[in-house]
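Report on the structure given below.
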Amino acid sequence: MKRQLGAFTLGLAILLGLTLGPAVQTPAQAKTGLIMGVTLEPPHLDPTAGAPAAIDEIVYANVFEGLTRIDAQGQVKPGLAERWVIEDDGMTYRFILRPGVTFHDGAALEASDVKFSFERAVADDSENAQKGLFSAIDSIEAPDDKTVILKLNRKEGLLLWNLGWGDAVIVDPASAADNKTHPIGTGPFKFVDWTQGDQVRLTRNPDYWGTAAALDAATFKFIPDPAAQVAALLAGDVDVIPNIGAPEAVAQFQADPRFQVLVGTTEGETILAMNQRRPLLQDVRVRRAIQHAIDRQAVIDGAMFGFGTPIGSHFAPHSPAYTDLTGVTPYDPEKAKALLAEAGVAPGTKLVMKLPPPVYARRGGEVVAAQLQAVGFDVDQIPVDWGQWVSEVFKGDHDFDLTIVSHTEPLDIGIYARDDYYFGYDNPAFKELMLKIDGVSDPAQRNTLYKEAQRMLADDAVNGFLFQLAKVAVAKKELKGLWANAPIQANDLTGVKWE
Amino acid sequence: MAGFLIRRLTGLVLTLLAASAVVFLALELLPGDAAQILLGTEVRPDTLAAMRAQLGLDRPAALRYAEWIAGLATGDLGVSQVYHVPVWDMVRDRLAVSLPLAVLAFILSTLLALPFGITAAVKRGRLADTLIMGFAQIGLAVPNFWFGILLILLFAVQLGWVSAGGFPGWEGGVGPALGALFLPALALALSEAAILSRMVRASMLETLGEDYVRTARAKGLSGSRIVVGHALGNAMIPIATLMGLQFAFLVAGAVIIENVFYLPGVGRLLLQAIFERDLVLVRNLVLMLSAFVVALSFLVDMAYGAIDPRLRRAT
Chain A
176 MKRQLGAFTL GLAILLGLTL GPAVQTPAQA KTGLIMGVTL EPPHLDPTAG
226 APAAIDEIVY ANVFEGLTRI DAQGQVKPGL AERWVIEDDG MTYRFILRPG
276 VTFHDGAALE ASDVKFSFER AVADDSENAQ KGLFSAIDSI EAPDDKTVIL
326 KLNRKEGLLL WNLGWGDAVI VDPASAADNK THPIGTGPFK FVDWTQGDQV
376 RLTRNPDYWG TAAALDAATF KFIPDPAAQV AALLAGDVDV IPNIGAPEAV
426 AQFQADPRFQ VLVGTTEGET ILAMNQRRPL LQDVRVRRAI QHAIDRQAVI
476 DGAMFGFGTP IGSHFAPHSP AYTDLTGVTP YDPEKAKALL AEAGVAPGTK
526 LVMKLPPPVY ARRGGEVVAA QLQAVGFDVD QIPVDWGQWV SEVFKGDHDF
576 DLTIVSHTEP LDIGIYARDD YYFGYDNPAF KELMLKIDGV SDPAQRNTLY
626 KEAQRMLADD AVNGFLFQLA KVAVAKKELK GLWANAPIQA NDLTGVKWE
Chain B
8 MAGFLIRRLT GLVLTLLAAS AVVFLALELL PGDAAQILLG TEVRPDTLAA
58 MRAQLGLDRP AALRYAEWIA GLATGDLGVS QVYHVPVWDM VRDRLAVSLP
108 LAVLAFILST LLALPFGITA AVKRGRLADT LIMGFAQIGL AVPNFWFGIL
158 LILLFAVQLG WVSAGGFPGW EGGVGPALGA LFLPALALAL SEAAILSRMV
208 RASMLETLGE DYVRTARAKG LSGSRIVVGH ALGNAMIPIA TLMGLQFAFL
258 VAGAVIIENV FYLPGVGRLL LQAIFERDLV LVRNLVLMLS AFVVALSFLV
308 DMAYGAIDPR LRRAT
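Below, the structure written as structure tokens:
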């Protein structure tokens with residue numbers, strides 16, 4: 176017996192020595208590369224063929240570029256187009272391409288590539304998830320190598336913004352078909368390899384047309400589990416997590432001198448959507464009662480550990496067109512009860528709330544449910560995955576009363592003008608207002624109209640407007656140039672460097 | 008022996024056919040559409056329809072099932088709908104992580120369970136027994152992912168000996184690869200070892216009480232000769248069954264541990280494929296795991312037959 180135990184101990188010791196020995200870390204040397212931990216692995220790497228933000232989070236601005244680009248402040252900046260002229264009273268856009276731009280396979284960027292890219296995006300067999308971005312484009316001409324002329328079928332005040340999206344990047348006809356697995360763009364980083372389930376590696380593009388990237392390599396590691404993200408940061412396995420999945424761990428990093436915490440804004444309006452196909456929720460008094468029942472700050476504190484900004488309508492607080500309407504239907508449970516009594520809603524009325532996977536929905540749902548229960552509703556929380564959410568809530572029979580979701584598309588107040596959208600809001604006056612905005616190109620005038628639109632939604636208590644999702648990044652202290660805000664879902668590494 | 012084999016093999020094939028039908032049906036009934044998940048909420052209806060056609064989702068379910076089974080018969084698992092990579096290629100890469108992980112966890116769990124279980128049985132009622140069974144109780148109660156996090160905090164965060172997770176690949180050498188698998192294997196092994204050691208103890212106690220053991224003692228054999236030479240062999244039959252089941256669990260059930268240690272294994276692939284409604288990938292993975300479990304229990308059965316000739320006729 177003793178011999179056996181001895182052999183076992185020896186075996187374990189050998190195994191430990193064998194396995195732990197070589198993994199002991201070597202002393203740190205000056206860093207030139209970056210390892211970024213991202214939550215989701217993309218299904219493929221072609222941003223023009225699919226919706227998942229996980230694609231853009233790797234390739235946008237790093238591997239692929241568009242005619243325009245969206246910068247850290249959410250402003251439209253020249254991208255592959257050096258400049259542009261708007262002619263014909265806004266019906267024609269003439270873009271002049273930068274000289275000396277090449278794709279990663281060496282092919283030169285020409286105007287015909289732009290024509291190819293946009294025509295490919297809207298083709299019948301295209302898998303582009305945002306064909307709407309191009310809907311105002313009537314025809315594309317490439318009179319010479321460096322000039323692209325877009326003729327529009329209607330005025331489109333957002334055209335330059337739209338062309339800055341990942342779905343509108345410029346691809347090379349020769350390599351476009353393989354971009355899903357081997358992306359070839361014009362950006363400051365070239366694709367190296369993708370170990371599925373593990374990581375995507377990029378390397379600096381030495382032939383980049385602009386200022387070369389300071390980092391010589393970038394690795395995106397897929398770490399879905401929030402606890403694993405925290406451990407990976409603490410152990411030094413990753414240098415930055417741009418969207419940390421564990422808001423509860425942020426205080427720990429704020430107190431740790433090795434790390435910096437960047438809290439920024441996103442385009443994500445997080446709402447308690449109400450299905451207005453349900454007779455109960457058609458009644459504006461009931462919707463207002465629900466909004467009065469919600470203590471927004473309590474939802475932010477409970478679900479997001481304080482990260483987030485309360486909103487009173489469907490608009491991002493950092494936008495110049497934003498107006499604070501949180502006071503229109505403030506937290507007031509007594510008023511909520513009174514409104515419900517007035518509308519004849521009996522205490523104990525059941526509401527089905529479907530909750531997709533993100534923490535804002537699952538944890539937020541618990542807080543909201545408790546608040547609604549306090550004014551007399553009986554809320555049934557049903558957790559769903561995204562596939563289920565899309566087919567049951569967003570599409571199909573719209574089988575839900577309430578759901579919590581963050582609308583992350585930039586400037587997306589227009590969804591309230593859509594026919595048969597999932598929450599079923601139908602207001603001709605709002606639709607008219609949206610049409611009016613489309614025809615206005617003066618920014619000041621547009622902002623005034625946007626404010627009017629926000630107020631209309633707040634007065635109508637279309638949905639329970641909860642909070643603007645925050646972007647919370649944790650990075651090593653020496654890392655500079657990271658985006659604090661997320662005007663689009665991307666991790667632009669162009670300006671990132673070690674100090 | 009031939010009859011026994013044929014009966015077992017037929018049962019195996021029928022079990023797998025039944026499993027394939029259940030998997031396929033479950034995926035058909037599951038709400039959610041791969042094309043929609045891929046293309047998001049802003050997609051135009053015609054683009055969505057084109058994608059559905061490309062994925063083959065517009066064709067009747069019965070036809071797709073038949074094609075799948077026909078493909079399987081010729082060894083063709085198809086291509087992942089989401090990743091556009093042949094299913095077998097993806098699975099092979101993931102097995103290169105999951106199988107070694109399972110084997111390592113299996114070895115660790117056996118190395119822990121056998122000596123401790125036997126010691127507890129031999130020292131029944133004494134301090135060693137109480138201590139070992141006390142630890143086994145804790146091992147059973149502690150969830151493996153939590154134990155995994157503790158291991159990470161100690162060995163990766165505090166001591167900095169290993170990475171908190173990830174897998175460097177076998178190309179970088181056996182050492183670093185095994186190093187990356189050691190903590191997750193240990194986390195997996197703990198609860199398995201706890202279960203197994205209790206089984207070893209119970210089974211040993213039973214055989215140690217048998218007449219032939221008393222006879223052996225009467226002959227004057229030493230304690231260790233009795234335990235190893237006489238009792239252990241017979242005690243192994245129920246233990247082997249449990250070990251077979253445990254190994255199957257270690258391959259198929261490492262989903263959570265693979266997430267905690269962000270290992271690119273089969274479990275994580277399956278989870279991801281379910282979320283993305285990659286029907287081709289999910290159904291093949293589930294079927295492969297079923298086949299693995301069925302084959303393993305088949306092997307365990309065969310091992311019985313080898314150990315105990317009576318079982319060949321009885322089954």
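Protein chains in written order, with the numbering used here: chain A, 176 to 674; chain B, 8 to 322.
Just so it is clear, CB atoms sit at the ideal spot from N, CA and C, and this is done for glycine as well.
Since the structure is predicted, the reported quantities are computational estimates derived from the model, not experimental observations.
- Per DSSP, E257 of chain A lies in no alpha helix (DSSP H); the unbroken beta strand (DSSP E) holding it starts and ends at 256-262.
- With a threshold of 7 Å between beta carbons, A57 of chain B makes contact with chain A.
- Between the stretch 477-496 of chain A and the stretch 437-445 of chain A, the count of C-beta pairs closer than 8 Å reaches three or more; the two stretches touch.
- Each residue's CA atom was taken as its position, placing G362 of chain A and W340 of chain A some 14 Å apart.
- Residues of chain A whose Cβ lies closer than 7 Å to the Cβ of E283 of chain B are, in chain order, P218.
- In terms of CA proximity to E627 of chain A, A:I612 leads the group A:N638, A:S616, A:I612.
- DSSP, read as helix, strand or coil, puts W564 of chain A in helix.
- Against R51 of chain B, the close residues of chain A are K306, G307, in the order they occur along the chain (beta-carbon pairs closer than 8 Å).
- Residues of the same chain with a CB within less than 8 Å of the CB of I345 of chain A, apart from the 5 flanking positions on each side, are F239, E240, G241, L242, L255, L284, D288, V289, S292, G360, T361 in chain order.
- One alpha carbon belongs to E294 of chain A, the other to T356 of chain A, and they sit about 21 Å apart.
- Assignment of M528 of chain A by DSSP, reduced to helix, strand and coil, places it in the strand class.
- Each of A:D617, A:N660, A:K206, A:Q548 was checked against the Cα of G443 of chain A, and the nearest Cα belongs to A:N660.
- Proximity to A109 of chain B across B:E283, B:V262, B:G39 peaks at B:V262, based on C-alpha coordinates.
- Listed along the chain, the chain B residues whose CB falls inside 9 Å of the CB of D299 of chain A are D53, T54, A57.
- Of all residues in the stretch 268-299 of chain B, only F268, Y269, L270, P271, G272, R275, L276, L278, Q279, I281, F282, E283, R284, D285 come within less than 9 Å of chain A when Cβ atoms are compared, listed by chain position.
- In this structure, DSSP gives Y625 of chain A a helical state, which the three-state scheme calls helix.
- A direct Cα-to-Cα measurement between T277 of chain A and E316 of chain A gives close to 21 Å.
- Distance from A448 of chain A to Y625 of chain A at the Cβ level is roughly 21 Å; contact not present, criterion being Cβ atoms closer than 8 Å.
- A Cβ-Cβ contact shorter than 7 Å links G272 of chain B with R101 of chain B.
- Interface residue (Cβ-Cβ distance to chain A less than 7 Å): G63 of chain B is not classified as such.
- Residues of the stretch 170-181 of chain B that bring their beta carbon within less than 8 Å of a beta carbon in chain A comprise S170, A171, G172, G173, F174, G176, G180, in sequence order.
- Going by DSSP, T394 of chain A is part of the beta strand (DSSP E) stretching over 392-397.
- Of A:S301, A:V213, A:Y497, A:D667, the smallest CA-CA separation from K655 of chain A is found for A:D667.
- When the alpha-carbon of F434 of chain A is set against those of A:A229, A:G385, A:V405, the nearest one is in A:V405.
- Every unbroken stretch of the alpha helix (DSSP H) spanning 4 or more residues and falling wholly within the stretch 23-71 of chain B is given here in chain order: 41-46, 52-62.
- In the three-state scheme derived from DSSP, where H, G and I count as helix and E and B as strand, Y235 of chain A is classed as strand.
- Near chain B, meaning a CB-to-CB distance below 7 Å, the residues of the stretch 409-429 of chain A are L409, A410, D412.
- Of the residues assessed, Q61 of chain B falls on the exposed side of the cut-off, its CB having fewer than 16 other CB atoms within 10 angstroms.
- Annotation for M211 of chain B: G124, I125, A128, A238, A242 place their beta carbon closer than 7 Å to its own, counting only its chain and skipping 5 residues before and after.
- The continuous beta strand (DSSP E) containing T378 of chain A extends over residues 374-379.
- Counting of Cβ neighbours within 10 angstroms places G487 of chain A among the buried residues, the total reaching 16 or more.
- Neighbours of S566 of chain A across chain B, judged by C-beta separation under 8 Å: P38, G39, D40, Q43.
- Runs of the alpha helix (DSSP H) lying entirely within the stretch 206-230 of chain B, each at least 4 residues long, are 218-225 in chain order.
- In the three-state reduction of the DSSP assignment, R295 of chain A falls in the helix class.
- Within chain B, no C-beta atom comes less than 9 Å from the C-beta of F605 of chain A; the nearest is roughly 19 Å away.
- K672 of chain A has A:K655 as its beta-bridge partners, per DSSP.
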